[in-house]
Each structure stands twice: as structure tokens, then as C-alpha cells.
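Participant: Provided herewith is a single structure, encoded as C-alpha cells, for subsequent inquiry.
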Amino acid sequence: MRKIQLCLCCLLTILISNGCSSKKDTVTLEKYSMTSTSLGFDTVVMFTAYAKDEHTYKQYEQILQDEFKRYDKLFDKYHNYDGINNIKTINDHAGDKPIKVDAPIMELLKQSKKYDALSNHQFSVTMGAVLDLWHDAREAAEKNPKKATIPSKKALQQANTYTGWEHVELDEKASTVYINNSHTQLDVGAIAKGYAVEKVAQKLEKAGLKHAIINGGGNVRLIGAKPDGSAWNVGLQIPNYDTLSSASLASISINESSSFVTSGDYQRYYTYKGQIMHHIIDPSTLMPAKHCRSVTVITKDGGIADMLSTTLYTVSHAEGEKILAKIRKEKGISVEAIWVYDDTIAPEDDTATISSHGYQLVMSEGAEKMLKK
């Protein structure tokens, strides 16, 4: 898993300057940074913040560490924790009884249910039974690559009959979640990390932090602009399978609190008969999606960005633009996207592309305006 963690950590290149004072900040701010592999979500967390002194920074860092660990336990589907009802607890009692949950779980599941409908069911946290089959195949392949297999079509189709919100009951008044089908399983992996990063950022902002970057395994949340008021330049990672490049496909300029999340086929994958079997499963085929190499979503909320990057990866560019338009209209939010394709494989539609390092980039109109010239 170490290789996966490092790949996730390096998904984005963020160009930042050293400590500085500015017209915006009358107090001189120093830059402080930390990197940790022990904050959960099976990933590397990188944190860079500007603070007036080390003591103040350490207070911010403690908030970040405590909150990441808390959300990791709540959204974990593989481990139990004393005194905590988490996603695993809910799954373990499928078909048995409702489980009382903390507010973040209820909020995340409510948001997931809304976006399930908005995405035309291309995003569903109720798809756990299908994802479990792929998870087991991937884990087995990592232990013994020569004996790699994929789930059978029959098994996938059977597991998919347990997908759907008709199998999950949310009782907000009682703060309970009940899976009424004993075979249905929740998997919040496509939204949990982005949701957690967003909540951590919001708590840090309330604590007074004005200039910072949180990178939770490729889920990047910017807090404010740089101390001097200038924009952050966020580099789009080249989607290599086996090597990490320090070069970027493009640089996006952002000067306000925003989230920048990438989903791609070069994360969490194994090889079967020469084919890459990655972790992003298309709900319509129950197989790894194959439309492009990566999708990056830029919007205010990290949970929405995480969910949408996965969703857009599972559909064509044309369908993705329709989903974006629908969400902009119905949710009233600003959201942009960047699709990355191999240079030899153009998008299915006639969209104009930008060539870079052997890849083609397709950008929504708003994302193209953010492109650093």
C-alpha cells in the first residue's frame, strides 16, 4: 500500500512561496508544513499553513490531526472502534436493526443520496456489494499478481441487485441508519475523504487560519489566497502508471478557498491479462470505467468535488457536461472540470483539446479561464 499512498500524495503539484508579509497581512507570517501517513483514509496527508508563530501553527496542526482521525473512524468500513458506530457498524447490522449514528455520517449519507439522483445514479454509496468483489480481487492480485482474476459477470450482476437507496432508510429524527436488505453494503470511499478534508478546512477557518493548503491523498483544499493576496498555482499531475513525474500537464490559478480533486485510473489498480483494472467502477457496466485517464473537479466544497470527480470519470465527456450543467442549475453552485485523455484516444465527442506531454486535456469553460498562461 505504500506505493499507492505515495502516488496519491503526488497527484497534485502545488507551487507555494516561503513565509512573507503583505499588504493583506500586517503581521509577518511564516510558512510551516507537515506530512503524515498516520491520519487515516489509507493515504498521505500534507498540510502547509502560514501562521504568525510556531505555537499558533501547532494549534492548527493539532486540530487537523484530531479531525482527520475522527472522520477516518466514522467512515471506516473495515474496522470497529470502541464507542463508535461507523459505516462498518451499519453494514454489520444490515437486515438486522437501525444503527444510531453521529451527525457527520447522517449528513454525508443525505448528501450522497441527493447526488445519486442528480448524477443519474452514476454515483451511489449503496454499491458496496459490487465494490467489495472488486476490492477482494484487487487485494488478491496485489498478493499474487500471477494469479490475478476479475469478478465474474454473474457475481457482479447479482451483487448489483442489492444496490439502491430503497435498501437504506435514513431517520433524521432518530439519527439512525437502517439497511433493510441483509446483502446491501455501504461504501462511502468516493466521497468520504473529500468530505473529511472539507470539514477539517472549515474547522481550521473557524479557528482563524486564513492561508493554507490541505492535501489529503489528492483531495486538495485551499484556504484563502497566498498571504500576499496572489493566487495559488495548482499543477495537474501527469497520469503515469509506474512513475511519478515532477512535471505538470497544466497549471491552474486559484486565488480563493476552493477544492481541487482528481480521480484517475493510475490509482489503486492491478493488471489482468495486460489490462489495467483500477478502482473506479462504472455502475452501468460494473467494470472499471474506460472513458479517459483522469478527471479533476474544481469547486468550493471538497465532498462535492470528490464525489463529482468519480462520477464524471465513469461517463463520457458529453454526459459529464450534462451532469455538470444539471448540478449548476439545481444546486446553484460553481463547478468546473478537466478531463485528461491519452494523446491517441480523443474524446467521444468533437470537443477541442489542449495537448500536453502526450496527453489531451478537455476543460469546461470555467476551468479554461483558470488556466495559467
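Numbered per mature numbering (1 follows the signal peptide of the UniProt record, and there is no 0), the sequence shown spans residues -19 to -1, 1 to 354.
Where a beta carbon is used, it is the ideal one built from N, C-alpha and C, also for glycine.
Quick caveat, the model's predicted, so the values are computed rather than measured.
#1: Assuming Val201 contacts Leu45 under a Cβ cut-off of 8 Å, what Cβ separation, rounded to an integer in Å, is found between them?
#2: Below 8 Å on the Cβ atoms is my guess for residue 355 versus Pro126; work out the distance and round it to an integer in Å.
#3: Starting from Lys197, follow its DSSP beta bridges and name the residues at the other end.
#4: Please say whether Leu267 and Leu137 have beta carbons closer to each other than 8 Å?
#5: The beta strand (DSSP E) spanning Ile319 covers which residue range?
#6: Quick one: give me the first and last residue of the alpha helix (DSSP H) that Ile262 is part of.
#7: Work out the CA separation of Glu302 and Ser211 for me, nearest whole Å.
#8: Determine the contact status of Val82 and Val149, defining contact as a CB-CB distance below 8 Å.
#9: Compute the Euclidean distance between the alpha carbons of Gln341 and Leu305, then round it to the nearest angstrom.
#10: Which complete alpha helix (DSSP H) runs does the region 31 to 65 hold, if anything under 4 residues is left out?
#11: When burial is assigned at 16 or more other CB atoms within 10 Å of the CB, is Thr277 buried or exposed?
#12: Helix, strand or coil: how does DSSP classify Ala129 here?
#13: According to the neighbour-count rule (16 or more other Cβ atoms, all chains shown, within 10 Å of its Cβ), is Asn(-2) buried or exposed?
#14: Within this structure, are the beta carbons of Gly109 and Asn72 separated by less than 8 Å?
#15: Nearest by alpha-carbon distance to His74: which of Gln166, Ala228, Ile262, Ser265 is it?
#16: Measuring CB to CB, does Ala193 end up less than 8 Å from Tyr31?
#17: Please say whether Glu179 and Gly284 have beta carbons closer to each other than 8 Å?
#18: Among the residues of its own chain, which have a CB less than 6 Å from the CB of Phe28, if the five just before and after it don't count?
#19: How would you write the range of the alpha helix (DSSP H) that Ser290 sits in, first residue to last?
Facilitator: If we stick to the structure as given:
#1: So it is not a contact: roughly 14 Å between Cβ atoms.
#2: Lying before the first or after the last residue shown, residue 355 is absent from the chain, which here runs from -19 to 354.
#3: Going by the sequence as given, residue 197 is Gly instead of Lys. In DSSP, Gly197 forms a bridge with Val26, Asn200.
#4: With contacts defined by Cβ atoms closer than 8 Å, Leu137 and Leu267 form a contacting pair.
#5: Judged by DSSP secondary structure, Ile319 falls within the beta strand (DSSP E) whose first and last residues are 316 to 323.
#6: Per DSSP, Ile262 is not a residue of any alpha helix (DSSP H), being assigned neither H nor E.
#7: Straight-line Cα distance between these residues: approximately 30 Å.
#8: No, Cβ-Cβ distance for Val82 and Val149 is not below 8 Å.
#9: Those two C-alpha atoms are separated by around 20 Å.
#10: Within the region 31 to 65, the complete alpha helix (DSSP H) runs of at least 4 residues are 35 to 56.
#11: Buried, because 16 or more other Cβ atoms sit within 10 Å of the Cβ of Thr277.
#12: The DSSP-derived three-state label of Ala129 is coil.
#13: Its pLDDT being 44, under 50, Asn(-2) is placed unreliably by the model, and nothing is read from it.
#14: Contact check for Gly109 against Asn72 passes: the beta carbons are separated by less than 8 Å.
#15: Minimum Cα distance to His74 is reached at Gln166.
#16: Contact check for Ala193 against Tyr31 passes: the beta carbons are separated by less than 8 Å.
#17: Going by C-beta atoms, Gly284 is nearer than 8 Å to Glu179.
#18: Closer than 6 Å at Cβ, skipping near neighbours: Met15, Leu45, Ile195.
#19: Per DSSP, the unbroken alpha helix (DSSP H) holding Ser290 starts and ends at 283 to 294.
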